[in-house]
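Peer 1: For what it's worth, numbering that gives the first Met the number 0 labels the leading residue of the sequence shown as 0, then goes sequentially.
Glycine included, C-beta positions come from ideal geometry on N, C-alpha and C.
Computed from a prediction, not measured in an experiment: that's the story for all the values here.
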Amino acid sequence: MSLQLTRHRAAAAALATALLVPLAACGNDGSAGGEDSGSGAKPSGSAPGAPAAGLTVLAAASLTDAFEEAGAAYEKENPGTKVTFSFAGSQELAAQVRQGAPADVLVTADTRTMDGLSGETGTPTVIAGNRLVIAVGKGNPEKVESLKDLSDPRLKVVLAAPEVPVGRYGEQILDAQRIKVKPVSQEPSVRAVLSKVELGEADAGLVYRTDAATATGKVDAIDIPDAENAVASYPAAMLKASEHTEAAAAFVAWLTTPAAQKILRSAGFQQP
Numbered sequence: 000m001s002l003q004l005t006r007h008r009a010a011a012a013a014l015a016t017a018l019l020v021p022l023a024a025c026g027n028d029g030s031a032g033g034e035d036s037g038s039g040a041k042p043s044g045s046a047p048g049a050p051a052a053g054l055t056v057l058a059a060a061s062l063t064d065a066f067e068e069a070g071a072a073y074e075k076e077n078p079g080t081k082v083t084f085s086f087a088g089s090q091e092l093a094a095q096v097r098q099g100a101p102a103d104v105l106v107t108a109d110t111r112t113m114d115g116l117s118g119e120t121g122t123p124t125v126i127a128g129n130r131l132v133i134a135v136g137k138g139n140p141e142k143v144e145s146l147k148d149l150s151d152p153r154l155k156v157v158l159a160a161p162e163v164p165v166g167r168y169g170e171q172i173l174d175a176q177r178i179k180v181k182p183v184s185q186e187p188s189v190r191a192v193l194s195k196v197e198l199g200e201a202d203a204g205l206v207y208r209t210d211a212a213t214a215t216g217k218v219d220a221i222d223i224p225d226a227e228n229a230v231a232s233y234p235a236a237m238l239k240a241s242e243h244t245e246a247a248a249a250f251v252a253w254l255t256t257p258a259a260q261k262i263l264r265s266a267g268f269q270q271p
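Set out below in C-alpha cells:
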C-alpha cells in the first residue's frame, strides 16, 4: 500500500507541473494573465510625461481652427490619447465649469475670465495673444477705413456682448477713442459676430484678426493701429475636477512647446 500511495503522489505532482508551465508562459507574454486590470500602468505607446487619456478641452471660440489642428498633432505625438474640444464664448465656458461640466482643460480668450475661476483651475499659462480687426463684407462695399467709421448711423454694426472677451476688448478700444457705436446686435461669441458679417446681416463687426483670417474670400479685415488696439491674452489651465489631472497638465504644458506655438503662429496668433 505504501508503494502504491507513493506512485499516486508522484503522478499527481507531475500532472500539476505540466499544467502550471503553459499558465506561466501565458502570463509572461501579456496575451492573457499578464494584462493589467486597474493597476494604473500606462498603455504602450504613451509618451513620457503625457499619460494616455481621453481629454476634454473647453476652449474659446476663436481657437477653433488652430486647436483642431493642434489636437490632431498632439494625438499623433501621444498615441492612445484622444482630445475632444468644446468651443464657445469664454463666458459660456466659465459657466460650464461652475456647473460641474466634465472637462479636463480650460482655455479662455482673456485672463479676467480665467482669474474668476481660480478655485477651479491649476495655475494658468498664457499660450498666445491676439488683436482685433474690423470685419467687413468682401470688397468693403461700405468703404470702412477706421474705428471712427463705425459710428456712422447708416452702418449696421454688430459687436460681441460685453461679457464676452472680444466684446469687452471692443468696448475698451471704442471708449478709448471716444467713439459711440449703436450695434444692431450683441452676439455670444466672436464667431457669431463674424457669421453676421459673412452672411451680409451686418456691414461691419469687431473680431479677432485670427477669426477674420478663417473667412478669407468672404470678408475683408481692416487693420486697427496698435495704438488704438487691445491685446487679447489666452491663458490655459488644468481643471482641478479633471479625472486625468496628469494628462491634462501635460497637454497645457505642450501648448507652450515649439510644435504647438508653430501651429498658433500659422493661424495668426501672437506670441504670449
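(1) Do the segment 53–68 and the segment 79–93 meet, that is, are 3 or more Cβ pairs less than 8 Å apart?
(2) For Lys81, which option in Ala69, Gly53, Gln95 and Asp103 has the closest C-alpha, if you only look at C-alpha atoms?
(3) If you run the structure through DSSP and keep just helix, strand and coil, what is Leu18?
(4) Restricting to Cα atoms, I'd like to know which of Ala214, Gln269 and Thr256 is closest to Glu76.
(5) Which residues does DSSP pair with Thr256 in a beta bridge?
(6) Here's a check: name, in chain order, each residue in its chain whose Cβ is nearer than 6 Å to the Cβ of Glu68, leaving out the five neighbours to either side.
(7) Any chance you could list the beta strand (DSSP E) runs of at least 3 consecutive residues sitting entirely within the segment 55–93, in chain order?
(8) I'd like to know if Val192 contacts chain C, where contact means its C-beta is closer than 8 Å to some C-beta of that chain.
(9) Where DSSP assigns a beta bridge to Ile223, which residues make up the other side?
(10) Alpha carbon to alpha carbon, what distance is there between Gln171 and Glu227?
(11) For Glu170, report the span of its alpha helix (DSSP H) as first-last.
(12) In chain order, what residues of the same chain have a beta carbon less than 6 Å from the beta carbon of Ala102, not counting five sequence neighbours either side?
(13) Kindly confirm or deny that the segment 214–231 and the segment 125–132 touch, where touching means at least three C-beta pairs closer than 8 Å.
(14) From what residue to what residue does the alpha helix (DSSP H) around Arg208 run?
(15) State whether the segment 89–101 contacts the segment 209–217, with contact taken as three or more CB pairs (one from each stretch) at a distance under 8 Å.
(16) When you compare each of Thr110, Gly121, Lys142 and Gly70 to Arg167 by their alpha carbons, which one comes out closest?
(17) Mind checking Ser265: buried by the 16 CB within 10 Å criterion, or exposed?
(18) Quick one: what's Arg130 bridged to in DSSP?
(19) Give the DSSP bridge partners of Met237, in chain order.
Peer 2: The short version:
(1) yes
(2) Gly53
(3) Its pLDDT being 37, under 50, Leu18 is placed unreliably in this model, and the coordinates cannot settle the point.
(4) For Glu76, the closest alpha carbon among the candidates Ala214, Gln269 and Thr256 is that of Thr256.
(5) In the DSSP output, where bridge partners are listed per residue, Thr256 has none listed.
(6) Ile262
(7) 81–87
(8) Of the chains in the structure shown, none is chain C; there is only one protein chain.
(9) Beta-bridge pairing links Ile223 to no other residue.
(10) 10 Å
(11) Pro164 to Ala175
(12) Thr55, Leu57 and Leu238
(13) Three or more pairs of CB atoms, one per stretch, sit closer than 8 Å, so the segment 214–231 contacts the segment 125–132.
(14) Arg208 to Thr213
(15) no
(16) For the residues Thr110, Gly121, Lys142 and Gly70, the minimum Cα distance to Arg167 belongs to Thr110.
(17) Only exposed fits Ser265, as fewer than 16 other CB atoms lie within 10 angstroms of its CB.
(18) Val230
(19) Val104
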